[in-house]
Amino acid sequence: MKLGVESHDLARTSVDLLALPLFSQKAGARLPARLAAIDRALGGQIEAVVRSGDFRGRTSDSHLLYARGKTGPRRVLLLGLGDEAKVDAEALRLVAGRALSAASARGARQVAITVATSRRMPVEPAARALAEGAVLASYRADGRRAPKEDAKPPVAKTLLLVERAADVSGARKTAETGRVVAECQNVARQLSNEPPNLLPPDALARAARRVATEVGLACRVMDVAELRRRKMGALLGVGQGSAHPPRLFVLEHKPKRRTRLPTVCIVGKGITFDSGGISIKPASGMHEMKHDMSGAATVVGLLRAVALLDLPLHVIGVVAAAENLPSGKAYRPGDILTSMSGQTIEIQNTDAEGRLVLCDALHYARTAFEPAAMIDLATLTGACVVALGNWTCGLFGNHDGLVDGVRRAGDAAGERAWPMPLADEHREQMKSAIADLKNVSGTRDAGASTAAAFLSKFVGDVPWVHLDIAGTAYTGKTGPCQPVGATGFGVRLLVQLLQDWPRLGIGARTKA
51 MKLGVESHDL ARTSVDLLAL PLFSQKAGAR LPARLAAIDR ALGGQIEAVV
101 RSGDFRGRTS DSHLLYARGK TGPRRVLLLG LGDEAKVDAE ALRLVAGRAL
151 SAASARGARQ VAITVATSRR MPVEPAARAL AEGAVLASYR ADGRRAPKED
201 AKPPVAKTLL LVERAADVSG ARKTAETGRV VAECQNVARQ LSNEPPNLLP
251 PDALARAARR VATEVGLACR VMDVAELRRR KMGALLGVGQ GSAHPPRLFV
301 LEHKPKRRTR LPTVCIVGKG ITFDSGGISI KPASGMHEMK HDMSGAATVV
351 GLLRAVALLD LPLHVIGVVA AAENLPSGKA YRPGDILTSM SGQTIEIQNT
401 DAEGRLVLCD ALHYARTAFE PAAMIDLATL TGACVVALGN WTCGLFGNHD
451 GLVDGVRRAG DAAGERAWPM PLADEHREQM KSAIADLKNV SGTRDAGAST
501 AAAFLSKFVG DVPWVHLDIA GTAYTGKTGP CQPVGATGFG VRLLVQLLQD
551 WPRLGIGART KA
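Residues 51 to 562 (our numbering) make up the sequence shown, in order.
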């Protein structure tokens with residue numbers, strides 16, 4: 051998507067559609083002075099609509115006007131933002147999405163959006179949020195359909211308009227950051243939306259390598275022979291029932307400008323399809339299990355963003371990829387697997403496979419890179435969906451500062467993470483009578499916390515956070531910036547966290 055930032059006279063901006071986000075106001079209120087010129091060019095239509103009360107600036111309000119002159123915008127779309135004191139970055143993302151949706155419905159190829167600012171949202175963060183919203187709204191999830199005559203027009207070229215010329219430089223910089231982050235979120239969406247027959251573990255690893263080559267990341271892929279040499283018995287056990295063997299791959303970013311920097315490992319669950327294995331899932335909804343590699347997709351999208359933004363951290367992405375299928379070779383309830391850490395795991399349910407691939411990936415990341423911190427993302431438990439719904443991910447960890455940093459980054463990025471309990475009682479539930487651990491607690495109680503407790507046994511004393519994204523990784527509903535399918539959840543959150551890293555005060559250990 052083409053995206054620019056300029057300072058223009060609104061009345062002379064020659065575009066197919068000019069979107070004017072406006073804060074809520076009382077009926078009869080006068081227009082802001084900055085809109086006087088464009089209102090005159092429209093023959094007073096904007097003021098008439100506002101003064102009549104037909105448009106009050108509520109978040110549900112929109113009103114389309116048509117220009118009468120030969121110059122300037124062909125259409126002007128008024129979009130409500132709601133109460134100025136409450137408007138945040140997410141509100142601006144959504145209003146950009148609404149503008150792009152309206153443009154697409156009308157075949158508008160050139161779109162301009164004015165950057166609405168307030169005390170809470172100055173011009174630079176406002177421009178970033180609008181850029182993110184516009185790029186997210188441009189994503190199409192229908193790339194596997196045959197061409198149709200009535201297909202939607204190509205994505206519009208979007209121009210963000212700032213009021214003062216002095217603000218252009220700063221707004222361009224932040225808008226470019228927003229464009230990069232949102233494009234990388236779209237990369238994660240696309241990976242997760244791929245059908246499972248076209249993206250088994252080896253294909254996911256190849257896709258990650260292509261991304262790495264594109265942006266200058268180092269990439270290493272481990273095949274079954276190497277996984278065996280490294281004794282990753284948990285990952286191998288999950289993948290042994292499939293004709294598509296498991297993989298573990300590593301993406302590595304080293305900044306161009308500095309060398310001695312903290313190492314942060316981001317670990318993703320990459321179950322490219324999850325049937326549940328021998329403990330097979332119900333048929334209803336099983337097609338959605340192609341999204342069980344959403345954590346892996348986020349890692350790939352995130353590392354792409356980290357490289358393009360050249361963030362000043364040593365960032366490593368580790369993905370354990372496998373396909374969980376039933377067969378004569380599949381692992382069974384009752385089996386005992388030996389993980390890379392040497393800890394043995396009694397299998398009581400083969401549908402609790404995500405924690406098994408993650409435990410080897412976490413141990414590998416900890417011992418190979420000696421990171422200052424580790425964060426994992428996984429569509430891990432239905433229990434977390436029951437607890438938090440589809441709007442917030444579960445946040446577990448062993449370091450209060452890191453947990454709080456992730457929560458605040460999620461709030462800022464519009465991808466909320468809510469702290470959940472992780473106590474000794476949860477760890478006690480994961481002890482086995484015949485092995486070191488079991489892969490399920492055996493009860494329905496606190497399922498998200500007991501799953502996190504299992505993972506905690508593989509991170510040692512490294513500051514660690516686990517994000518259970520089972521409820522937020524994909525959706526069956528559409529929104530202004532979101533089609534049905536994968537969301538790419540976590541890319542914006544973790545970019546924000548890594549940008550905030552110097553303020554977290556978390557160790558400087560590195561093994562770069």
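All C-beta atoms, glycine included, are put in the ideal place defined by N, C-alpha and C.
Item: Cα-Cα separation, G119 to G451; Value: 58 angstroms
Item: Environment of G327 [buried if 16+ CB atoms lie within 10 Å]; Value: buried
Item: Other residues of its chain near E174: CB distance less than 7 angstroms, five sequence neighbours each side excluded; Value: G220, A221, T224
Item: Where the beta strand (DSSP E) containing H364 begins and where it ends; Value: 364-374
Item: Inter-residue CB distance, R280 and P362 (contact presumed, cutoff 8 angstroms); Value: Actually they do not touch by this definition, with Cβ atoms about 31 angstroms apart.
Item: Euclidean distance between Cα positions of H364 and T400; Value: 35 angstroms
Item: Y116 classed as buried or exposed, judged by whether at least 16 other C-beta atoms fall within 10 angstroms; Value: exposed
Item: Buried or exposed by the 16-neighbour rule on C-beta atoms within 10 Å, applied to S188; Value: buried
Item: Neighbour-count burial assignment, D217, 16 or more Cβ in a 10 Å radius; Value: buried
Item: G538 - DSSP class collapsed to helix/strand/coil; Value: coil
Item: As assigned by DSSP and simplified to three states, the class of W441; Value: coil
Item: 3-residue-minimum beta strand (DSSP E) runs that sit fully inside the region 124-154, ordered along the chain; Value: 125-132
Item: Best match in Q75, D66, L547 for proximity to I316 [C-alpha to C-alpha]; Value: L547
Item: Same chain, Cβ closer than 6 angstroms to T442, neighbours up to 5 away in sequence not counted; Value: R466, W468
Item: Expected contact under 8 angstroms - CB spacing of L298 and L285 to nearest Å; Value: 7 angstroms
Item: Spatial neighbours of V643 in its chain, beta-carbon cut-off 6 angstroms, leaving aside the 5 residues before and after; Value: The structure shown does not extend to residue 643, since the chain is modelled only from 51 to 562, so the question has no answer here.
Item: Limits of the alpha helix (DSSP H) - the one that F504 falls within; Value: 497-506
Item: N-terminal and C-terminal residue of the beta strand (DSSP E) that Q160 is part of; Value: 160-164
Item: Nonlocal neighbours in the same chain, by C-beta distance under 7 angstroms from A496, ignoring five residues either side; Value: H476
Item: Where Y414 falls: helix, strand or coil (DSSP); Value: helix
Item: Proximity below 8 angstroms, CB of A423 to CB of V314; Value: yes
Item: Alpha-carbon spacing of V230 relative to D273, whole angstroms; Value: 31 angstroms
Item: CA-to-CA distance, P245 to A520, given in whole angstroms; Value: 18 angstroms
Item: Any C-beta of chain D under 8 angstroms from that of F539; Value: Given the protein chain composition of this structure (a single chain), no chain D is represented.
Item: Secondary structure, alpha helix (DSSP H): runs of 4+ residues fully inside the region 445-524; Value: 450-463, 474-479, 497-506
Item: Nearest residue (CA-CA) to T208, options G103, G107, A69; Value: A69
Item: Assigned exposure category for S102 - 16 Cβ within 10 Å defines buried; Value: exposed
Item: CB-CB length for V407 against A372, believed under 8 angstroms; Value: 6 angstroms
Item: Contacting residues, own chain, Cβ-Cβ under 8 angstroms from T3 (five flanking each side not counted); Value: Examination of residue 3 is not possible in this model, given that the chain is present from 51 through 562 alone.
Item: Limits of the unbroken beta strand (DSSP E) element including R556; Value: Checking the sequence, you will find Ile at residue 556 rather than Arg. Counting along the chain, I556 falls outside any beta strand (DSSP E), and DSSP gives it neither H nor E.
Item: Assigned exposure category for H516 - 16 Cβ within 10 Å defines buried; Value: buried
Item: Three-state secondary structure (DSSP) of A293; Value: coil
Item: 6 angstroms CB neighbourhood of C269 in its chain, flanking five on each side removed; Value: R259, A262, L301
Item: Pick from R354, L438, I330, I556 that is closest to H303, judged by C-alpha positions; Value: R354
Item: E276, buried or exposed, once every other Cβ within 10 Å from all chains shown has been counted against 16; Value: exposed
Item: Option nearest L543 by Cα separation, candidates L445, E478, A459; Value: A459
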